[in-house]
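Heads up: the structure comes next, in structure tokens.
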Ligand code: ASC
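Numbering (the working numbering), first residue to last: 2 to 129.
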């Protein structure tokens, strides 16, 4: 377990950084800023699905203080935060599955749903 809140904050931020990189590359392909490359996209989607399971553990009590953009509201509305995190994980898993199948319409939908789970949580629980 984490020695101090600082370690938990760094742990979850490390995962979020990797998620942002992988998701951002998919976003570039989805928006036509770079060519869609099915294998790369599927690899990134698989990465995000695995990484989506990491941050949750880092939101320990007391880790709203320090070098973090996480709002104290997370710990006040804990059940809602947990549910939103779970929805993100589910959407990321679906995206990884459809990315491996390769149907463009399914990929578009699953990508949009995953992005909405990112934003839906940030809007409420992340400092802007
Ligand atoms: C990103 C990123 C986010 C999400 C969000 C999706 O690339 O860094 O936080 O996508 O903007 O709506």
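The beta carbon of each residue, even a glycine, is placed where N, CA and C say it ideally should be. Computed from a prediction, not measured in an experiment: that's the story for all the values here.
So what does DSSP say about residue i, is it helix, strand or coil?
i	result
residue 127	strand
residue 71	strand
residue 103	coil
residue 38	coil
residue 63	coil
residue 53	coil
Please return the same chain residues whose Cβ sits closer than 8 Å to the Cβ of residue i, not counting the five positions on each side in sequence.
i	result
residue 75	60, 65, 82 and 126
residue 70	127 and 128
Residues in the same chain with beta-carbon distance under 6 Å from residue i, minus the five sequence neighbours each way, listed in chain order, please.
i	result
residue 37	30
residue 9	3, 59, 61 and 64
residue 92	114, 115 and 118
Distance, Cα to Cα, residue i vs residue j?
i	j	result
residue 108	residue 80	29 Å
residue 86	residue 95	14 Å
residue 52	residue 63	23 Å
residue 48	residue 7	25 Å
Below 7 Å CB to CB, which residues in the same chain sit around residue i once its five sequence neighbours on both sides are set aside?
i	result
residue 45	23, 26 and 27
residue 121	85
residue 54	90
(request) Quick one: residues with CB closer than 7 Å to any heavy atom of the ligand ASC, in chain order, please. (result) This selection yields 21, 24, 25, 28, 116, 117, 119, 120 and 123.
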